[in-house]
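Colleague: Attaching a single structure in structure tokens format; questions to follow.
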Amino acid sequence: MRIADLLQRKGATVATVSPGTTVAELLAGLARHNVGAMVVVDAEGGIAGIVSERDVVRKLNDHGPSVLQGPVADIMTTMVASCTPDDPVDQLSVVMTERRIRHVPVLDGGRLAGIVSIGDVVKIRMEQLEQSQEQLEAYIAQG
2 MRIADLLQRK GATVATVSPG TTVAELLAGL ARHNVGAMVV VDAEGGIAGI
52 VSERDVVRKL NDHGPSVLQG PVADIMTTMV ASCTPDDPVD QLSVVMTERR
102 IRHVPVLDGG RLAGIVSIGD VVKIRMEQLE QSQEQLEAYI AQG
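Structure, rendered in structure tokens:
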């Protein structure tokens, strides 16, 4: 299965913020969209970074509540792993596991086309396993 197939099932909507958004505003957006990360998009529409709940928690622990009034640019990850719609989901799951990342933006022609979470990958894999089990059970039942 390709990333494009996964996005077709889940939708390609991506919650984004600008680098100047405050961390407090970011947290409100994460809650409003019920997501664990947001892509940080610059004025030209390019990806400047990604910021997750984990990033916020770590910075709060290190620097205290003043982090909440600072810009997302101060806490975002700038070395963003990405994939394309043509990439296989299995390949992305390896990258996510090896790099210990939970959210990967999807770029199509250099433009943001979606985002895939580790939960999306696990859900697809579970569906594939269930289909395989059903096929095996049907084969066995036929004798």
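Once you know that position 42 of the sequence shown is 43 in this note's numbering, the rest is easy, because the numbers rise by one and skip nothing. From the three backbone atoms N, C-alpha and C, an ideal C-beta is built for every residue, glycine too.
Under 9 angstroms, Cβ to Cβ, is there at least one residue of chain D near A32?
Modeller: In summary, chain D is missing from the structure at hand, where a single protein chain is found.
Colleague: Please name the residue or residues paired with G50 in a DSSP beta bridge.
Modeller: V41.
Colleague: Please confirm if the segment 74-83 is in contact with the segment 48-55, defined as three or more CB-CB distances below 8 angstroms between the two stretches.
Modeller: The answer is yes - the segment 48-55 touches the segment 74-83, with three or more Cβ pairs under 8 angstroms.
Colleague: Output the distance between the C-alpha atoms of G21 and L61, rounded to the nearest integer angstrom.
Modeller: Answer to the nearest angstrom: the Cα atoms are 18 angstroms apart.
Colleague: Between V95, H64, C84, which lies nearest to L8 when the distance is taken from Cα to Cα?
Modeller: Nearest C-alpha to L8: C84.
Colleague: Find the nearest neighbour of H34 within the set G46, I48, T17, judged by alpha-carbon distance.
Modeller: It is T17 whose Cα lies nearest to the Cα of H34.
Colleague: Tell me whether the segment 86-95 and the segment 116-134 touch, counting them as touching only if at least three CB pairs, one residue from each stretch, are closer than 8 angstroms.
Modeller: The segment 86-95 vs the segment 116-134: in contact.
Colleague: Take G46 as the anchor and find which of G111, H64, V36 has the nearest alpha-carbon.
Modeller: The shortest Cα separation from G46 among G111, H64, V36 belongs to G111.
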